[in-house]
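Peer 1:
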Amino acid sequence: MSLTIDELNRLTELARLEITSPEVPDVLAKLTNIVAMVDQLQAADTDDVLPMAHPLDRQQRLRPDEVTESDQHERYQRNAGMVERDLYLVPKVIE
Amino acid sequence: MHTRTLAQLAEDLAAKRFSSVELTRHHLDRIESQGDALNAFITVTRDQALAEAEAADRRRAAGHATPLTGIPIAHKDIFCTADVKTTCGSRMLANFVAPYDATVVSRLRAAGAVMLGKTNMDEFAMGSSNETSYYGAVRNPWNTDLVPGGSSGGSAAAVAARLCTAATGTDTGGSIRQPAALTGVTGLKPTYGRVSRYGMIAFASSLDQAGTLTQTAEDAALMLSVMAGFDPRDSTSLEDPVPDYRQGLAEASAKITIGVPKNFFDPGLLPANRDAVQAALAVLEAQGATLKEVELPNVHLSVPTYYVVAPAEASSNLSRFDGIRFGHRAQETEDLTRYLMRTRGEGFGAEVKRRILTGTYVLSAGYYDAYYLKAQQVRQLIAQDFAAAFAQCDLLAGPTTPTPAFPLGQKTDDPVAMYLNDIYTIGAPLAGLPALSVPCGLVDGLPVGLQLIGPHFSEGPLLGAAHRFQQATDWHQRLPAGFE
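First to last, the protein sequences are chains Z and R.
Just so we're aligned, residue 36 is where the first sequence starts under my numbering, counting upward by one.
Just so we're aligned, residue 326 is where the second sequence starts under my numbering, counting upward by one.
#1: Mind checking which residues open and close the beta strand (DSSP E) that includes residue 400 of chain R?
#2: Would you kindly work out how many angstroms separate the C-alpha atoms of residue 449 of chain R and residue 413 of chain R, rounded to a whole number?
#3: Rounded to a whole number of angstroms, what is the C-alpha to C-alpha distance between residue 508 of chain R and residue 800 of chain R?
#4: Smallest Cα separation from residue 791 of chain R: which of R:690, R:334, R:614?
#5: I need the straight-line Cα distance from residue 520 of chain R to residue 533 of chain R, nearest angstrom please.
#6: Whose C-alpha, out of R:424, R:434, R:440, is nearest the C-alpha of residue 356 of chain R?
#7: For a contact meaning CB atoms closer than 9 Å, what does residue 708 of chain R contact in chain Z?
#8: Mark residue 674 of chain R as exposed unless 16 or more other C-beta atoms lie within 10 angstroms of its C-beta, in which case mark it buried.
#9: Rank R:785, R:797, R:416, R:766 by C-alpha distance to the C-alpha of residue 506 of chain R and give the top, closest one.
#10: Mind checking if residue 79 of chain Z is an interface residue toward chain C, Cβ cutoff 7 Å exclusive?
#11: By the 10 Å Cβ neighbour count, where 16 or more other Cβ atoms means buried, how is residue 778 of chain R classified, buried or exposed?
#12: Do residue 677 of chain R and residue 451 of chain R have their beta-carbon atoms positioned less than 7 Å apart in this structure?
#13: Which residues does DSSP list as the beta-bridge partners of residue 534 of chain R?
#14: Jot down the residue ranges of each uninterrupted alpha helix (DSSP H) in the segment 582-611 of chain R, minimum 4 residues, whole runs only, in chain order.
#15: Report yes or no: is there a C-beta of chain Z within less than 7 Å of the C-beta of residue 412 of chain R?
#16: Our contact map puts residue 488 of chain R next to residue 437 of chain R with C-beta atoms below 8 Å; I'd like the distance itself, whole angstroms only.
#17: Curious, which full-length beta strand (DSSP E) runs of at least 3 residues does the segment 739-806 of chain R contain?
#18: Pull the bridge partners of residue 468 of chain R from the DSSP assignment, please.
#19: Are residue 631 of chain R and residue 73 of chain Z close, meaning C-beta to C-beta below 7 Å?
#20: What number of angstroms, rounded off, separates the C-alpha of residue 67 of chain Z from the C-alpha of residue 54 of chain Z?
#21: Quick check: what's the CA-CA separation for residue 652 of chain R versus residue 646 of chain R?
#22: Buried or exposed, going by whether 16 or more other CB atoms sit within 10 Å of the CB of residue 102 of chain Z?
#23: Strictly under 7 Å for the Cβ-Cβ distance: is residue 104 of chain Z near chain R by that measure?
#24: Helix or strand or just coil, what does DSSP make of residue 725 of chain R?
#25: Taking residue 546 of chain R as the reference, give the member of R:736, R:531, R:515, R:562 with the closest Cα.
#26: Please list, in chain order, all residues of the same chain as residue 476 of chain R whose beta carbon is under 6 Å from its beta carbon, the five residues on each side excluded.
#27: Quick check: residue 548 of chain R and residue 404 of chain R, are their CB atoms within less than 7 Å of each other?
#28: For a cutoff of 7 Å on Cβ pairs, would you count residue 52 of chain Z as touching chain R?
#29: Sort R:787, R:542, R:410 by Cα distance to residue 802 of chain R and report the nearest one.
#30: Could you name each continuous beta strand (DSSP E) segment of 3 residues or more that falls completely within the segment 93-129 of chain Z, going from the start of the chain to the end?
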């Protein structure tokens, strides 16, 4: 089964990932091959097998809900492309 | 100095045969004169390294040295380093300077190790040849037309060429062991949760684990003793006590039962690689081990299982890269969705995009049960196979890779062929198991690896068996021509 261009468009939208027109044929062909490879799983008999939840079969540890970090926003915001008055700037989302 | 192992250099420094500054300068000079041919480093921190070496010499003079004090090492560029760029091999993080050290980095720093720089890697650790790095491919020191393996290819090449004494790496599907095998070094992937992942950029969270690339198993034991241990900042970090792994080398028994999975000796294994591995098994047998054939009936499904689970987790982990708080930011566009798509489309390379799209596909409505759930069930079967094998033996042994290093460009156009390079290494992380690769021969002048896999927390016995093997062989001492 080949992945269709419509399916790819749906995936790029879901993943918020632009694939430019020249990239499309290569991405489609390679994804189709990858999906065909992982389809080998369908042959495995997994009736009554519990899906793995943790490689060591352990519970996730919990910690007290306490503030342990200090305010270092200036340090963190040095990596941001656009900051104004200590705020991260995002593209306009409200008309 | 560079041909000395970490353990030997620790003795040299203790005996004041030379200083850490001299040792560090020697390695920095090697990186400068020979590093360009390999492209093993993304960032070399010369001034900082010399300052750390001076501090290490002062610490030694004050009588507070550890075995790692003053030893020049390198970190895979996936580990965050305060005030030094951390790129993860990606354009996305080309200008990213982490505000803190990864726990692995801070533990090694606290022990006095000297950081020479950050090593090249496949972008976001997604690759088996180091060709997906935004900073160019790493080349194999044994033949610069060949790949070093990946994703920790820069760390492996740097240790193989003795540009550094030891290096850190990470392993999700084979990213320490496969490049270790292809470059002739010792690569250890510990048990899932053994080493903290705080500050280690996430790829697939149910698989990722930090480990070491070293000249010997003894050096790996010295590194792991410092790196391992509980870290409250990593929710997957285990509280189990950390033994002194180097002390344990001498105590490890030679009279062990080694299971040889016949599924690992499939038609895909190059006959010359098979012969080298069988010769290595004969060495272990001569040393007192009992060999026993075992079966891992579902291990042939490791690659398809991995290529559902890992991309699914990657597609989720990499959703954080939106260019707003850090990372590449595209020119603004008319709407937010277009902006996000462009930022990520520009920031990620082709292989990362394929993994994100594969992950999105297997997690999308209507496919989740058929792929992700199914893969986690098969993963359980693979883990049960290993558990059944370990009921009959102490460790498993087999090849690390099907072939020696392959030419640059040979598999870049066929991702599935590239993925199959990890066919023997993917099983262990799927089951959370520790595993290592040690050099066990040369095929056409190129190194090949023997892989040992153990039950959870068997790093001690694994390193013990590898150390004993290295007492009887000299493959780990072979150096690529031009780097002697």
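Where a beta carbon is used, it is the ideal one built from N, C-alpha and C, also for glycine.
Note that the structure is predicted; figures quoted are calculated from it, not measured.
Peer 2: In short:
#1: To locate residue 400 of chain R, count along the second sequence from 1; it is residue 75. Its beta strand (DSSP E) spans residues 397-401.
#2: Along the second sequence, read from residue 1 onward, the residue named residue 449 of chain R stands at position 124. Along the second sequence, read from residue 1 onward, the residue named residue 413 of chain R stands at position 88. Computed Cα separation, rounded: 5 Å.
#3: Residue numbering aside, residue 508 of chain R sits at position 183 when the second sequence is read from its first letter. Residue numbering aside, residue 800 of chain R sits at position 475 when the second sequence is read from its first letter. Going from the Cα of residue 508 of chain R to the Cα of residue 800 of chain R covers about 11 Å.
#4: The residue given as residue 791 of chain R occupies position 466 in the second sequence. Here the closest residue by C-alpha is R:614.
#5: Within the second sequence, numbered from 1, the residue matching residue 520 of chain R stands at position 195. Within the second sequence, numbered from 1, the residue matching residue 533 of chain R stands at position 208. Distance between the alpha carbons of residue 520 of chain R and residue 533 of chain R: 10 Å.
#6: Looking up residue 356 of chain R in the second sequence gives position 31. With distances taken between Cα atoms, residue 356 of chain R lies closest to R:440.
#7: Along the second sequence, one-based indexing puts residue 708 of chain R at 383. Those are 87, 90, 92, listed as they occur along chain Z.
#8: Within the second sequence, residue 674 of chain R is the residue found at index 349, counting from 1. The residue in question, residue 674 of chain R, is buried, as its Cβ has 16 or more Cβ neighbours within 10 Å.
#9: On the second sequence, position 181 is the one that residue 506 of chain R refers to. Of the candidates R:785, R:797, R:416, R:766, the one whose C-alpha sits nearest the C-alpha of residue 506 of chain R is R:766.
#10: Within the model displayed, chain C is absent; protein chains Z and R are what it includes.
#11: Numbered from its first residue, the second sequence carries residue 778 of chain R at position 453. Counting Cβ neighbours within 10 Å, residue 778 of chain R comes out buried, since at least 16 surround it.
#12: Reading the second sequence from its first residue, position 126 is the one you call residue 451 of chain R. Reading the second sequence from its first residue, position 352 is the one you call residue 677 of chain R. Yes; because the gap between Cβ atoms is below 7 Å, this pair is in contact.
#13: Translated into the one-based positions of the second sequence, residue 534 of chain R becomes position 209. According to the DSSP secondary-structure assignment, residue 534 of chain R is paired through a beta bridge with R:496.
#14: Qualifying alpha helix (DSSP H) stretches, in chain order: 596-611.
#15: On the second sequence, residue 412 of chain R is found 87 positions in, with the first residue counted as 1. Contact of residue 412 of chain R with chain Z is not assigned, every C-beta pair being separated by 7 Å or more.
#16: Here residue 488 of chain R is taken as the residue at index 163 of the second sequence, counted from 1. Here residue 437 of chain R is taken as the residue at index 112 of the second sequence, counted from 1. In this structure residue 488 of chain R does not touch residue 437 of chain R by the C-beta definition: roughly 20 Å separates them, more than the 8 Å allowed.
#17: DSSP runs (the beta strand (DSSP E)) wholly in the segment 739-806 of chain R: 760-768, 771-778.
#18: Looking up residue 468 of chain R in the second sequence gives position 143. According to DSSP, residue pairing for residue 468 of chain R in a beta bridge involves R:465.
#19: Numbered from 1 along the second sequence, position 306 holds the residue referred to as residue 631 of chain R. Numbered from 1 along the first sequence, position 38 holds the residue referred to as residue 73 of chain Z. No, Cβ-Cβ distance for residue 631 of chain R and residue 73 of chain Z is not below 7 Å.
#20: As a working mapping, residue 67 of chain Z is identified with position 32 in the first sequence. As a working mapping, residue 54 of chain Z is identified with position 19 in the first sequence. Roughly 16 Å separates the two Cα atoms.
#21: As a working mapping, residue 652 of chain R is identified with position 327 in the second sequence. As a working mapping, residue 646 of chain R is identified with position 321 in the second sequence. Distance between the alpha carbons of residue 652 of chain R and residue 646 of chain R: 7 Å.
#22: Taking the first residue of the first sequence as position 1, residue 102 of chain Z is located at position 67. Of the other Cβ atoms in all chains shown, fewer than 16 fall within 10 Å of the Cβ of residue 102 of chain Z; this residue is therefore exposed.
#23: Within the first sequence, the letter at position 69 stands for residue 104 of chain Z. Contact of residue 104 of chain Z with chain R is not assigned, every C-beta pair being separated by 7 Å or more.
#24: Position 400 of the second sequence, counted from the start, is the residue given in the question as residue 725 of chain R. In this structure, residue 725 of chain R counts as coil in the three-state DSSP scheme.
#25: Working through the second sequence from its first residue, we reach residue 546 of chain R at position 221. Selection R:736, R:531, R:515, R:562 evaluated against residue 546 of chain R yields R:515 as nearest (Cα-Cα).
#26: Taking the second sequence and counting its residues from 1, the one referred to as residue 476 of chain R is at position 151. Here the set comprises 446, 447, 450, 452, 500.
#27: Walking along the second sequence from the start, residue 548 of chain R turns up at place 223. Walking along the second sequence from the start, residue 404 of chain R turns up at place 79. No, the pair does not count as a contact, with Cβ atoms beyond the cut-off.
#28: Here the question's residue 52 of chain Z lines up with position 17 in the first sequence. Yes, residue 52 of chain Z counts as interfacial toward chain R.
#29: Locating residue 802 of chain R in the second sequence gives position 477, counting from the first residue. Checking every option, the nearest Cα to that of residue 802 of chain R belongs to R:542.
#30: List check, beta strand (DSSP E) in window: nothing returned.
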